Amino acid sequence: MGKKALLILAEGAEEMEAIITADVLRRAGVDVTIAGLAGASPVKCSRDVVVVPDKSLDEATTQSPYDVIVLPGGLKGAESLAASPAVGKLLKEQEKCGRLVAAICAAPIALKSHGIGLGKLVTSHPSKKEDICKGDYKYSEDRVVVDGQLITSRGPGTAFEFALAIVEKLENKQAAENWCLPCWSRCDPSHYRHKVVYCPDPSVSLVLAGLAMIRVGLSPYF
1 MGKKALLILA
11 EGAEEMEAII
21 TADVLRRAGV
31 DVTIAGLAGA
41 SPVKCSRDVV
51 VVPDKSLDEA
61 TTQSPYDVIV
71 LPGGLKGAES
81 LAASPAVGKL
91 LKEQEKCGRL
101 VAAICAAPIA
111 LKSHGIGLGK
121 LVTSHPSKKE
131 DICKGDYKYS
141 EDRVVVDGQL
151 ITSRGPGTAF
161 EFALAIVEKL
171 ENKQAAENWC
181 LPCWSRCDPS
191 HYRHKVVYCP
201 DPSVSLVLAG
211 LAMIRVGLSP
221 YF
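Heads up, the sequence shown is in the UniProt record's numbering, so the first residue is 1 and it goes up one at a time.
Right under this line is the structure:
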């Protein structure tokens, strides 16, 4: 049976993080459900891009379990995820069962709010570092951090790496690289101002992220 992912979308979510992650996972053969936190109505994201969820979170939970729950960032969206009892319940069950949780940008504040991954190594958008460090976490400046069944990442410019880390964790490294190579062959690095940035792992999956469509990985914006 194929892997299943639940991506929870709240008003004000960061659209690049949500859509890039969903797209990469689907290309890798993962069955992705985009669930609206407030229902199945269209969701306006942080840059006014409107995304239509596949279904409401309430409906999506009837089809659990999911192999991974994905939380995109965007300050307003992350705050809604952090305040949601339904999200907290899902995350706690996911962690209890040893399944994967992935959060990017501001979304790790939802992990802190719901007590997920305590004691683990995490990262986040730089503006949320102080908040995260007030919790029981070890903090890293790396672009993507994988600690057991928890994946965290920095922001829109690391969304490809984040998604590929999820693919690698759900499937294997070869599956992630199989997705990378065709994409790489269609990309002209000369089109991008910042082609390569430092990352601790020289794998193909991280090199690809140098081609992300914003100038730098650590965007100052949500």
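Just so it is clear, CB atoms sit at the ideal spot from N, CA and C, and this is done for glycine as well.
What you are looking at is a predicted structure, and each value in this text was computed from that prediction instead of being measured.
Best match in Ser56, Ala13 and Leu150 for proximity to Leu81 [C-alpha to C-alpha]
Ala13
Can you tell which of Arg154, Asn172 and Lys4 has its C-alpha closest to the C-alpha of Thr123?
Arg154
Three CB pairs or more closer than 8 Å across the segment 2-13 and the segment 76-93
yes
Who are the Cβ neighbours of Glu15 in its own chain at under 7 Å, not counting the five residues just before and after it?
Cys45, Ser46, Arg47, Val49 and Val51
Quick test of the definition: if touching needs 3 or more C-beta pairs under 8 Å, does the segment 61-75 touch the segment 94-113?
yes
For the candidate residues Ile20, Gly2, Leu6 and Ala5, whose alpha-carbon lies nearest to that of Gly157?
Ile20
Which whole-angstrom value is the C-beta distance of Val87 and Ala5, which I expect to be below 8 Å?
Not quite, the Cβ-Cβ distance comes to about 15 Å (not below 8 Å), so this is no contact.
State the DSSP-derived secondary structure class of Val101, mapped to helix, strand or coil.
strand
For chain C, check one thing: does any of its Cβ atoms lie closer than 9 Å to the Cβ of Lys44?
Protein chains in the displayed structure number just one, and chain C is not present.
Taking just the CA atoms, how far does Lys3 sit from residue 229?
Since the first and last residues shown for the chain are 1 and 222, residue 229 lies out of range.
Inter-residue spacing [alpha-carbon to alpha-carbon] between Leu121 and Tyr137
6 Å
May I have the straight-line CA-CA distance separating Val146 from Gly98, to the nearest angstrom?
14 Å
For the segment 55-79, list the alpha helix (DSSP H) runs that are entirely contained and at least 4 residues long, ordered along the chain.
57-61
In chain order, what residues of the same chain lie with their CB nearer than 6 Å to the CB of Val30, ignoring the 5 residues before and after it?
Lys3 and Ala5
Whole runs of the alpha helix (DSSP H) within the segment 79-161, excluding any shorter than 4 residues
85-96, 108-114 and 129-133
Apply the 10 Å Cβ neighbour rule to Pro65 and answer buried if 16 or more other Cβ atoms are within range, or exposed otherwise.
exposed
Use the C-beta contact count for residue 224: other C-beta atoms within 10 angstroms, 16 or more gives buried, fewer gives exposed.
Because the chain here runs from 1 to 222, residue 224 falls outside it and cannot be looked at.
Let me make sure I understand the geometry here. Which of Gln149, Leu150 and Glu177 has the alpha-carbon closest to that of Phe160?
Glu177
Quick check on Lys134: buried or exposed, where buried means 16 or more other Cβ atoms within 10 Å of its Cβ?
exposed
For Pro53, which residues from the same chain have a beta carbon less than 7 Å from its beta carbon, with the 5 sequence-adjacent residues on both sides left out?
Leu9, Ile34, Ala35, Gly36, Ala40 and Val43
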